[in-house]
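S.K.: In terms of the numbering used here, the sequence shown opens at residue 70 and continues consecutively.
Handing you a structure now.
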Amino acid sequence: MANGRRTPNNVQRLREERLMSKAELARRAGVSVLTIDRVERGASCRLDTKRKIILALGMKVSERNQVFGDAPTSSQKRKQD
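Below is the structure:
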């Protein structure tokens, strides 16, 4: 974890929407369950780890802001409309 910063993200919500366990996401991403747990709690991680998680969630790297950024997801946008 780089310098102990916590950054909000949507990893847990997206994982749960896909009915995936932390273990399944970790397996698909090629990272440890502990890494998934830390990321879901907002710990910072390397860009490569983010890329792996995004792809393991079945998303495109270009959708990274929906996973790790402040941009609202399409389901959040629909709720606002």
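For glycine and all other residues, C-beta sits at the position ideal for the given N, C-alpha and C.
How many whole angstroms separate the CB atoms of residue 102 and residue 122, which I take to be in contact at a CB cut-off of 8 Å?
M.R.: The pair is not a contact, with the Cβ atoms about 12 Å apart (cut-off 8 Å).
S.K.: Report the option in 111, 126, 137 whose CA atom is closest to the CA atom of residue 85.
M.R.: 126
S.K.: At the level of alpha carbons, what is the spacing between residue 112 and residue 95?
M.R.: Per the coordinates, the alpha-carbon of residue 112 lies some 16 Å from the alpha-carbon of residue 95.
S.K.: Which residues does DSSP list as the beta-bridge partners of residue 112?
M.R.: 75
S.K.: Taking all protein chains shown into account, decide if residue 100 is buried (16 or more other Cβ within 10 angstroms of its Cβ) or exposed.
M.R.: buried
S.K.: From which residue to which residue does the alpha helix (DSSP H) around residue 132 run?
M.R.: Taken as a continuous stretch (DSSP letters only), residue 132 belongs to no alpha helix (DSSP H), as it is neither H nor E.
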